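Scroll down for the structure; my scribbles are underneath it.
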Amino acid sequence: MRHCMSPLDFSVEEIDQLLDLATDIEHNPEKYSHSCEGKKIATLFYEPSTRTRLSFETAMLNLGGKVLGFSSASSSSASKGESVSDTIRVISCFADIAAIRHPKEGAPYVASLVSKIPVINAGDGGHQHPTQTLTDLMTIRSIKGRLNNMTIGICGDLKFGRTVHSLIAALVRYTGIRFVLISPEELRIPDYVRDDVLRKNNVPFKEVIRLEDALPELDVLYMTRVQKERFFNEDDYIRMKDFYILDRAKLQLAKPDCAVLHPLPRVNEISVDVDNDPRACYFRQVQYGVYVRMALILTLLGVKVC
Amino acid sequence: MRHCMSPLDFSVEEIDQLLDLATDIEHNPEKYSHSCEGKKIATLFYEPSTRTRLSFETAMLNLGGKVLGFSSASSSSASKGESVSDTIRVISCFADIAAIRHPKEGAPYVASLVSKIPVINAGDGGHQHPTQTLTDLMTIRSIKGRLNNMTIGICGDLKFGRTVHSLIAALVRYTGIRFVLISPEELRIPDYVRDDVLRKNNVPFKEVIRLEDALPELDVLYMTRVQKERFFNEDDYIRMKDFYILDRAKLQLAKPDCAVLHPLPRVNEISVDVDNDPRACYFRQVQYGVYVRMALILTLLGVKVC
Amino acid sequence: MRHCMSPLDFSVEEIDQLLDLATDIEHNPEKYSHSCEGKKIATLFYEPSTRTRLSFETAMLNLGGKVLGFSSASSSSASKGESVSDTIRVISCFADIAAIRHPKEGAPYVASLVSKIPVINAGDGGHQHPTQTLTDLMTIRSIKGRLNNMTIGICGDLKFGRTVHSLIAALVRYTGIRFVLISPEELRIPDYVRDDVLRKNNVPFKEVIRLEDALPELDVLYMTRVQKERFFNEDDYIRMKDFYILDRAKLQLAKPDCAVLHPLPRVNEISVDVDNDPRACYFRQVQYGVYVRMALILTLLGVKVC
Numbered sequence: 001m002r003h004c005m006s007p008l009d010f011s012v013e014e015i016d017q018l019l020d021l022a023t024d025i026e027h028n029p030e031k032y033s034h035s036c037e038g039k040k041i042a043t044l045f046y047e048p049s050t051r052t053r054l055s056f057e058t059a060m061l062n063l064g065g066k067v068l069g070f071s072s073a074s075s076s077s078a079s080k081g082e083s084v085s086d087t088i089r090v091i092s093c094f095a096d097i098a099a100i101r102h103p104k105e106g107a108p109y110v111a112s113l114v115s116k117i118p119v120i121n122a123g124d125g126g127h128q129h130p131t132q133t134l135t136d137l138m139t140i141r142s143i144k145g146r147l148n149n150m151t152i153g154i155c156g157d158l159k160f161g162r163t164v165h166s167l168i169a170a171l172v173r174y175t176g177i178r179f180v181l182i183s184p185e186e187l188r189i190p191d192y193v194r195d196d197v198l199r200k201n202n203v204p205f206k207e208v209i210r211l212e213d214a215l216p217e218l219d220v221l222y223m224t225r226v227q228k229e230r231f232f233n234e235d236d237y238i239r240m241k242d243f244y245i246l247d248r249a250k251l252q253l254a255k256p257d258c259a260v261l262h263p264l265p266r267v268n269e270i271s272v273d274v275d276n277d278p279r280a281c282y283f284r285q286v287q288y289g290v291y292v293r294m295a296l297i298l299t300l301l302g303v304k305v306c
Numbered sequence: 001m002r003h004c005m006s007p008l009d010f011s012v013e014e015i016d017q018l019l020d021l022a023t024d025i026e027h028n029p030e031k032y033s034h035s036c037e038g039k040k041i042a043t044l045f046y047e048p049s050t051r052t053r054l055s056f057e058t059a060m061l062n063l064g065g066k067v068l069g070f071s072s073a074s075s076s077s078a079s080k081g082e083s084v085s086d087t088i089r090v091i092s093c094f095a096d097i098a099a100i101r102h103p104k105e106g107a108p109y110v111a112s113l114v115s116k117i118p119v120i121n122a123g124d125g126g127h128q129h130p131t132q133t134l135t136d137l138m139t140i141r142s143i144k145g146r147l148n149n150m151t152i153g154i155c156g157d158l159k160f161g162r163t164v165h166s167l168i169a170a171l172v173r174y175t176g177i178r179f180v181l182i183s184p185e186e187l188r189i190p191d192y193v194r195d196d197v198l199r200k201n202n203v204p205f206k207e208v209i210r211l212e213d214a215l216p217e218l219d220v221l222y223m224t225r226v227q228k229e230r231f232f233n234e235d236d237y238i239r240m241k242d243f244y245i246l247d248r249a250k251l252q253l254a255k256p257d258c259a260v261l262h263p264l265p266r267v268n269e270i271s272v273d274v275d276n277d278p279r280a281c282y283f284r285q286v287q288y289g290v291y292v293r294m295a296l297i298l299t300l301l302g303v304k305v306c
Numbered sequence: 001m002r003h004c005m006s007p008l009d010f011s012v013e014e015i016d017q018l019l020d021l022a023t024d025i026e027h028n029p030e031k032y033s034h035s036c037e038g039k040k041i042a043t044l045f046y047e048p049s050t051r052t053r054l055s056f057e058t059a060m061l062n063l064g065g066k067v068l069g070f071s072s073a074s075s076s077s078a079s080k081g082e083s084v085s086d087t088i089r090v091i092s093c094f095a096d097i098a099a100i101r102h103p104k105e106g107a108p109y110v111a112s113l114v115s116k117i118p119v120i121n122a123g124d125g126g127h128q129h130p131t132q133t134l135t136d137l138m139t140i141r142s143i144k145g146r147l148n149n150m151t152i153g154i155c156g157d158l159k160f161g162r163t164v165h166s167l168i169a170a171l172v173r174y175t176g177i178r179f180v181l182i183s184p185e186e187l188r189i190p191d192y193v194r195d196d197v198l199r200k201n202n203v204p205f206k207e208v209i210r211l212e213d214a215l216p217e218l219d220v221l222y223m224t225r226v227q228k229e230r231f232f233n234e235d236d237y238i239r240m241k242d243f244y245i246l247d248r249a250k251l252q253l254a255k256p257d258c259a260v261l262h263p264l265p266r267v268n269e270i271s272v273d274v275d276n277d278p279r280a281c282y283f284r285q286v287q288y289g290v291y292v293r294m295a296l297i298l299t300l301l302g303v304k305v306c
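Read top to bottom, the protein sequences are chains A, B and C.
Residue numbers for the first sequence follow UniProt numbering, so the first one is 1 and each next one is one higher.
Residue numbers for the second sequence follow UniProt numbering, so the first one is 1 and each next one is one higher.
Residue numbers for the third sequence follow UniProt numbering, so the first one is 1 and each next one is one higher.
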């Protein structure tokens, strides 16, 4: 039995297979619409996340399966002091697969150790969120037609952004990838990513402060939010915040086929006047997230569809 | 693609068709039990409402479809600052139709502007709650056999009662309707309803203070709650509150075929000793609410059942 | 129409039939997987309980039925002052059967009086939790092969433990049952259980303070939690708490086929190093709970499967 804790749990070949399956699902949804009949996913969300929870539930419903679970810790047995390990042992009696979101790093892993059913990490604190990374890879591959030979800009809070670190770690395994890291000084990529992931793998990158400076050369722009609280002082925030907001004017600097991604929810870091630009891919990204979760559920359950 | 924001979105003819469909569903539920197979409704409830949410979910389940969503803002992405517009764009990737309840007037409308799927307003603050009005119309038509030529009493808080304003606006489109408006002075129908809806359409009405005075002439009595906080002073409340409580004694004044409706939940404005009187229709009203929501879902999804 | 309020609602013969059905479900799940198609259970949880709620939902889903409901009072109409009686009248229009969990003793009973659909008490305050007792009986019968002629130890908070009182009342109806009641002085079984249930039915029992003293003679050990707040003073708690923690060392004193049960959630009263001992049956108990709820739903709905 296999779990999904980190995007690096899968080899490049396995990710290829997963994305191939997701693409087949995209193009032939009917073929898969009864493939998980009689099966159930438990969505155990110890902290709320509409999009991720509903994406998993949609994935299972699209496969003909069923859903149970809880959407916040307060409506779970956690409020009575039950450990995550005990909860997953109990849930193993109810469901065939589980997706766990937990504020504590490592909680889904602890659950996986005693689980009788496959466990998917649906986000554990600042640690991992593998289905977001798989979604990002699926989106890039679907829109650009490849996962190699491109320049990828990542903009915003590169210090604390969990999805950013996972995405970089997943992309350095492909050839010809080059990064442009766009952030304020305070929120630069951490040393362990710069040294142990980028430099160690000889992946070219540069770090810039203004989004405008990076835009013209990007094949993909991955936007994330810069929270006011992250800045050292109010003056810096006021001076720099506009550097990290993508609007229609800035987007004119981008290539005509640059793909703009965002893990959502966005607050104001992408102006709504960008939404209808064909380069805005963040809502399509949500749709790809459903396909990739469908593929992941089928893979972990060992369901083959011919 | 069509949304449902207000009961007046539909012409009288369209409402007739909708109620005909709902009646056919009532009498032939089996015929519709697989009509939405493979389809999903998202119930996006930014404020709790058991009855309305579960009515929509029951409607979709009865049609063979599936359900996802959230039942309070705290378990949604709204707590992370996501706009309703972004949420519906995301939900458009998950579901085929959405029902939105929101404390802010106009929020479902804002969502409908960018939605890729039909949106039903399931109540937006003090503004509209169209499926309640459709339920009320269905109940009156089913029990009285018609929507014209009758005297309809509306009792309680006529100033702030959203369902009351909608019901009046929907009923003035039929012929031979006469209203008796029963409320304390402080909670009389607002001027814009009296002038722009009733008088403008030449609909006869009178305003009375005591329920007893109105009861004998009513074909339908629509009860709503009078909240203590709405009164200007405690003395008025104590003096008048019993005027607006329907009990078995008062009901003896009503016609033998008077239909008593209430949008629920009730607190004490209808005594439980009335519940078993054949004129008490408020629980049947709940049942009609399911049929009318089934009809609405089928209509907005463009599903035809032969 | 029949409801399930207390485990004693069923005669010994009826419980036999119910457990026979549950056992058949265990061994032939496929046979029952479409038996409730088109039917819905409403899970009305006025206080949270993951395990019980999800067990009911799993049971209905396993039978091919569907689920709706709420998982806390705050997302129900209770927050608007609706009575449980009105809520069940409304829910009767939505679902075919309901499971109600409520902090107030008797609330599910009050609901059952006006309900149009079968109501299952899913736990009402400190009063009854019949499906837990049925689960316990199913577990003992499945693992020991019988419900008579054995020595059953019950350990922990015997004063306030709802499940303990129900289990004793259910077991005294079988022959050859002997109890060993293990608790601190402050938390001994209440007089009415000792006198009106045990002595009145001539059921032999003894009361001991230390788990070690009881273990060697037990066929079944039913563990429950001892909460610190229940002790009269801190010193007593510190002196005695280890008496009521089952760990691997203590378990060596037990018979090789002693079955250890626990209603869950556990906090620390069973050490995790016991979990993999074949005598640890508390997670299997969860699984039996699903089968017994499936049997109960079928029975109350009057569904026969051939």
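No residue lacks a Cβ here, since even glycine has one placed at the ideal position from N, Cα and C.
Remember, it's a predicted structure, so these values are computed and weren't measured experimentally.
What residues from chain C crowd round residue i, counting only those whose CB sits closer than 8 angstroms?
i                     : result
residue 269 (chain A) : Going along chain C, no residue has its Cβ under 8 angstroms from residue 269 (chain A), so there is no contact; the nearest lies around 32 angstroms.
residue 231 (chain B) : Going along chain C, no residue has its Cβ under 8 angstroms from residue 231 (chain B), so there is no contact; the nearest lies around 18 angstroms.
residue 179 (chain B) : Here the premise fails: no neighbours, minimum Cβ distance about 27 angstroms.
Along chain B, in chain order, which residues have C-beta atoms closer than 9 angstroms to that of residue i?
i                     : result
residue 7 (chain A)   : Chain B residues near residue 7 (chain A): none, gap ~21 angstroms exceeds 9 angstroms.
residue 289 (chain C) : The contacting residues do not exist; residue 289 (chain C) stays about 25 angstroms from chain B at best.
residue 68 (chain C)  : 53, 54, 57, 58, 61 and 67
List, in chain order, every chain B residue whose beta-carbon is nearer than 7 angstroms to that of residue i.
i                    : result
residue 56 (chain C) : Near residue 56 (chain C) there are no residues of chain B at all, since even the closest Cβ is about 16 angstroms away, more than 7 angstroms.
residue 38 (chain C) : 33
Starting from residue i, find everything on chain C with Cβ-Cβ shorter than 7 angstroms and list it in chain order.
i                     : result
residue 286 (chain B) : 90 and 93
residue 130 (chain B) : Neighbours of residue 130 (chain B) on chain C: none; closest Cβ ~19 angstroms, over 7 angstroms.
Which chain A residues sit within Cβ distance under 9 angstroms of residue i?
i                     : result
residue 166 (chain B) : Those within 9 angstroms of residue 166 (chain B) in chain A number zero; the least Cβ separation is about 29 angstroms.
Tell me residue i's beta-bridge partners as DSSP assigns them.
i                     : result
residue 222 (chain A) : A:154 and A:261
residue 43 (chain A)  : A:69 and A:99
residue 270 (chain A) : A:246
residue 4 (chain C)   : C:120
residue 280 (chain A) : A:260
The ligand ATP and residue i: does any heavy atom of the ligand fall closer than 6 angstroms to the residue's C-beta?
i                     : result
residue 279 (chain A) : With respect to the ligand ATP, the structure shown offers nothing to examine, as it has no ligands at all.
Report yes or no: is there a C-beta of chain E within less than 7 angstroms of the C-beta of residue i?
i                     : result
residue 179 (chain A) : Looking at the structure shown, chain E is missing, and the protein chains on hand are A, B and C.
Subject >> Runs of alpha helix (DSSP H) lying entirely within the segment 155-208 of chain A, each at least 4 residues, in chain order >> reply: 162-171
**OP:** Tell me the start and end of each unbroken alpha helix (DSSP H) in the segment 97-146 of chain B that is at least 4 residues and wholly inside, in chain order.
**Re:** 107-114 and 130-144
Original post:
Just by C-beta distance, which residues in the segment 142-164 of chain C are closer than 8 angstroms to chain A?
Top reply: none
**OP:** Could you tell me whether the segment 164-180 of chain C touches the segment 214-228 of chain C, where touching means 3 or more Cβ pairs closer than 8 angstroms?
**Re:** yes
**OP:** Could you tell me whether the segment 117-130 of chain A touches the segment 45-53 of chain A, where touching means 3 or more Cβ pairs closer than 8 angstroms?
**Re:** yes
**OP:** Check whether the segment 135-148 of chain B touches the segment 15-31 of chain B, counting contact only when three or more Cβ pairs, one atom from each stretch, lie closer than 8 angstroms.
**Re:** yes
**OP:** Answer yes if the segment 148-156 of chain A comes into contact with the segment 180-190 of chain A, meaning at least three C-beta pairs across the two stretches below 8 angstroms, and no otherwise.
**Re:** yes
Original post:
Are at least three pairs of beta-carbons, each pair with one atom in the segment 101-108 of chain C and one in the segment 241-260 of chain C, less than 8 angstroms apart?
Top reply: no
Original post:
Do the segment 35-49 of chain B and the segment 271-287 of chain B meet, that is, are 3 or more Cβ pairs less than 8 angstroms apart?
Top reply: no
Original post:
Three or more beta-carbon pairs under 8 angstroms between the segment 275-287 of chain B and the segment 81-97 of chain C, yes or no?
Top reply: yes
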